[in-house]
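First up is the structure itself, then whatever we jot down about it.
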Ligand SMILES: [Zn+2]
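Residue numbers (the working numbering): 5 to 293.
So this is what it looks like as structure tokens:
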């Protein structure tokens, strides 16, 4: 999620909110560096400013947002090869998530002819094996350079990380602990409290989509709570295609694979936002009286 503003705290403890539009690299390095904080109340994470073509605030290296902060994200150890293990955040921007969900839906609904056309054009443009290897080596090199704290802060690595799209039957135990964009059709949705357990299916394989306490507690998800009935309403009429981004894990109880979703905006029903679907159904019912 893009951080659009920050709190500036000077040495006297005075505080001022600063918006991205007011920032310049000069002012930042001269005056504000190390004095900018996350705009969320009671969150102690520091932020830095990055100028250039797409100016933005970003979380200070190794700082953690409070659990309740909407900018909170987990830092997980990632093996970069060559015996170097570093902490890399799993943050993927909101816009990238939305685009990935949209692309996944398009991919699910391609005609045979379109699939064939894409396959052919991919084969034509496929670079030689040699150049792929070279490029991989280069990426590894850059990742190692990122180990240096200054470059690390530049976050280059995240732009290279892929948000892998997978159909339900392409998710395996090896995906446990990874972020995946999962695609399939909704087989059932059972409401439990203010959320639901959704079973998504493809080629006879299923995955359970779960929403946990942290989802319910997050104020950013409030418009999704108690709206899961909308899925069953659509399911009564039609096939419902599901696309959702979350963590893959194995349920300790059922031993089955689960997709844990953390944000209401991270999943779509037939490419639509679920709270928008619920609002539309409610409006239609009201009009019909
Ligand atoms: Zn924060």
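Ideal Cβ positions, reconstructed from N, Cα and C, are used throughout, including at glycine. As the structure is a computational prediction, the values presented were derived from the model and not from experiment.
Residue pairing for residue 215: DSSP places it in a beta bridge opposite 265.
Less than 8 Å separates the beta-carbon of residue 109 from that of residue 272.
Restricting attention to 58, 287, 266, 54, the CA atom closest to the CA of residue 223 is found in 266.
In this structure residue 263 is buried. Its beta-carbon is surrounded by 16 or more other beta-carbon atoms within 10 angstroms. In this model, residue 192 and residue 212 are separated by some 10 Å (Cα to Cα). In this structure residue 98 is exposed. Its beta-carbon is surrounded by fewer than 16 other beta-carbon atoms within 10 angstroms. The shortest C-alpha to C-alpha distance from residue 60 to any of 49, 10, 71 is the one to 10. At a threshold of 7 Å, residue 75 counts as near ligand 1, since its beta carbon sits closer than that to one of the ligand's heavy atoms.
Runs of the alpha helix (DSSP H) spanning 4 or more residues and lying entirely within the region 163–243 occur at 217–221, 233–241, in chain order. Judged by beta-carbon spacing, residue 190 lies beyond the 8 Å limit of residue 175, meaning their Cβ atoms are not closer than that value.
Judged by their CB atoms, residue 228 and residue 268 are nearer to each other than the 8 Å cut-off. Judged by DSSP secondary structure, residue 103 falls outside any beta strand (DSSP E) and instead within the alpha helix (DSSP H) spanning 98–112. By the neighbour-count definition (other C-beta atoms within 10 Å, threshold 16), residue 25 is an exposed residue. Annotated three-state conformation of residue 270 is helix, per DSSP.
Residue 10 is bridged by DSSP to 22. Distances from the CA of residue 243 to each of 200, 107, 75, 274 were compared; the closest alpha carbon is that of 274.
The DSSP-derived three-state label of residue 54 is strand. Taking residue 68 as the centre and dropping the five residues before and after it, the same chain places the C-beta of 49 closer than 7 Å to its C-beta, in chain order. Ligand 1 has a heavy atom closer than 7 Å to the beta-carbon of residue 70. Shortest Cα-Cα distance from residue 289 to any of 234, 260, 249 involves 234. In the structure shown, the three-state DSSP call for residue 16 is coil. Exposed is the label assigned to residue 258, since fewer than 16 other Cβ atoms lie within 10 Å of its Cβ. DSSP, reduced to helix, strand and coil, places residue 291 within a helical segment of the structure shown.
If you look at residue 63, you'll find it in the beta strand (DSSP E) that goes 60–63. DSSP, read as helix, strand or coil, puts residue 35 in helix.
Considering only 255, 251, 231, the residue with the shortest C-alpha distance to residue 285 is 231. Cα atoms of residue 185 and residue 238: separation of roughly 22 Å, rounded to the nearest angstrom. Beta-bridge partners assigned by DSSP to residue 276: 273.
The beta carbon of residue 49 sits closer than 7 Å to at least one heavy atom of ligand 1.
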